[in-house]
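Please read the structure below before turning to the comments.
2 protein chains.
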Amino acid sequence: MSQNVLGTNVITQIGILVNDIEKTSQAYAEFFGVEKPKWFWTDTVDVAQTEYMGKPSEARSKLAFFDMGSLQLELIEPDQHPSTWRDHLNAHGEGPHHIAFVIEGMKEKIAVMEAKGMKLIQKGEYTGGRYAYMDTFPQLKVMLELLENDK
Amino acid sequence: MSQNVLGTNVITQIGILVNDIEKTSQAYAEFFGVEKPKWFWTDTVDVAQTEYMGKPSEARSKLAFFDMGSLQLELIEPDQHPSTWRDHLNAHGEGPHHIAFVIEGMKEKIAVMEAKGMKLIQKGEYTGGRYAYMDTFPQLKVMLELLENDK
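Chain order of the listed sequences is A and B.
First residue of the first sequence: 1, per full-length UniProt numbering; consecutive thereafter.
First residue of the second sequence: 1, per full-length UniProt numbering; consecutive thereafter.
Written as structure tokens, this is what we have:
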């Protein structure tokens, strides 16, 4: 049996692309009987240092989170700059975009996955950590996001 | 604040449509370092009593499950009979199909959701319970599956 590439099998987040985060947040809040969370922008480019397909991008998204049992459901409304969020939304419309895992050792995990033919699509920083979207679609039929939080 | 329609916010399952359950199961098993689970067919029509878009259907799928933290990831390879699985796969290709919640009182939940404009797409029985796929895509940007297990 092979080793677990990520060192975890705990899905911590499901990310869903939307066109109107206000409207969809309101629908979730009503359906699940919770307060509508405030959405917020991902960090500006100086903090986020976003790279999409190997190039710096000013892309940002509005994000809103709902606690759904042991994981979070993340609504994502991207701006118009190039990103996996914007391109996926344009190509496929609204709907699920990724599942996320909290990992340790981002650089090493990315290297191991790239050696398996799973390409780094987008990466960036956020206050307290960093993320990477990996193109695992050919193998796993869903995109994975790696999240690494500083200790 | 409104009441939680489902009486739960715990996502118990993520369902992913695939063309080749053997191949994708193998990829998951290798990536997450687990044994490849055996897939199995959903029940035959006499047990499943599947209804798709209000009509009986002989549709079946091959299913394989992976434990991913507190929830299951379900791979679904549908046969060629009419079903949400087959139609979604034909229309959108491989990828996420639904998120599932374990509920109580299936008939009542379906009625409440239909009153909100969320249509029943497909329902059926399995040993020990029953399921319903509800078209929540317009509101929640993902399809919900309700699961009710006998006590």
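Every residue gets a Cβ at the ideal spot worked out from N, C-alpha and C, and that includes glycine.
Open item on the list: Run through chain A and tell me which residues come within less than 8 Å of Thr24/B, C-beta to C-beta.
Closed with: Counted from its first residue, the second sequence places residue 24/B at position 24. The answer, in chain order, is Gln139, Leu140 and Lys141.
Open item on the list: For a contact defined as C-beta to C-beta under 7 Å, what are the partners of Gly95/B on chain A?
Closed with: Reading the second sequence from its first residue, position 95 is the one you call residue 95/B. By Cβ distance, chain A contributes Lys141 and Val142.
- [ ] Could you spell out the range, first to last residue, of the alpha helix (DSSP H) harbouring Ser25/A?
- [x] Walking along the first sequence from the start, residue 25/A turns up at place 25. Taken as a continuous stretch (DSSP letters only), the alpha helix (DSSP H) holding Ser25/A covers Ile21 to Phe32.
Open item on the list: I'd like to check one pair, Thr50/B with Lys123/B: are the Cβ atoms closer than 9 Å?
Closed with: The sequence position of residue 123/B within the second sequence is 123, counting from 1. The sequence position of residue 50/B within the second sequence is 50, counting from 1. Yes. Within cutoff.
- [ ] Let me know if Glu77/B comes out buried or exposed under the rule of 16 or more other beta-carbons within 10 Å of its beta-carbon.
- [x] Here residue 77/B refers to the residue found at position 77 when the second sequence is read from its first residue. Per the 10 Å Cβ criterion, buried.
Task: Contact check, Leu75/A vs Val18/A, beta carbons under 9 Å - done: Position 75 of the first sequence, counted from the first residue, corresponds to residue 75/A. Position 18 of the first sequence, counted from the first residue, corresponds to residue 18/A. In this structure, Val18/A lies closer than 9 Å to Leu75/A by Cβ.
Open item on the list: Contact defined as beta carbons within less than 8 Å: I believe Ile121/B pairs with Thr84/B. What is the distance between those atoms, to the nearest angstrom?
Closed with: In the second sequence, residue 121/B corresponds to position 121, counting from 1. In the second sequence, residue 84/B corresponds to position 84, counting from 1. Confirmed, Cβ separation roughly 5 Å.
Task: Members of the segment 101-114 of chain A that neighbour chain B once the beta carbon cut-off is set at 8 Å - done: none
- [ ] Could you say which of Tyr133/A, Leu6/A and Ser25/A lies nearest to Gly54/A if we only look at CA atoms?
- [x] Against the first sequence, residue 54/A aligns to sequence position 54. Answer by Cα proximity: Tyr133/A.
TODO: Tell me whether the beta-carbon of Ile16/A lies closer than 9 Å to the beta-carbon of Pro96/A.
DONE: Counting from 1 along the first sequence, the entry for residue 16/A is found at position 16. Counting from 1 along the first sequence, the entry for residue 96/A is found at position 96. Cβ distance < 9 Å, so Ile16/A and Pro96/A count as in contact.
TODO: Hey, could you find the ends of the alpha helix (DSSP H) Asp79/B is sitting in?
DONE: Here residue 79/B corresponds to residue number 79 of the second sequence, with the count starting at 1. Counting along the chain, Asp79/B falls outside any alpha helix (DSSP H), and DSSP gives it neither H nor E.
Open item on the list: I'd like to know whether the C-beta atoms of Gln13/A and Leu71/A end up nearer to each other than 9 Å.
Closed with: Reading the first sequence from its first residue, position 13 is the one you call residue 13/A. Reading the first sequence from its first residue, position 71 is the one you call residue 71/A. Yes, the pair counts as a contact, with Cβ atoms nearer than the cut-off.
Task: Reference Ala64/B, options His81/B, Asp79/B, Trp41/B and Tyr52/B, closest by Cα - done: On the second sequence, position 64 is the one that residue 64/B refers to. Cα-wise, what sits closest to Ala64/B is Trp41/B.
Task: Under 9 Å from the C-beta of Gln13/B: neighbouring residues of chain A - done: To locate residue 13/B, count along the second sequence from 1; it is residue 13. Simply none; closest approach about 11 Å.
TODO: Pull out every residue of the segment 67-80 of chain A whose Cβ sits closer than 9 Å to any Cβ of chain B, in chain order.
DONE: Asp67, Met68, Gly69, Ser70, Leu71, Leu73 and Leu75
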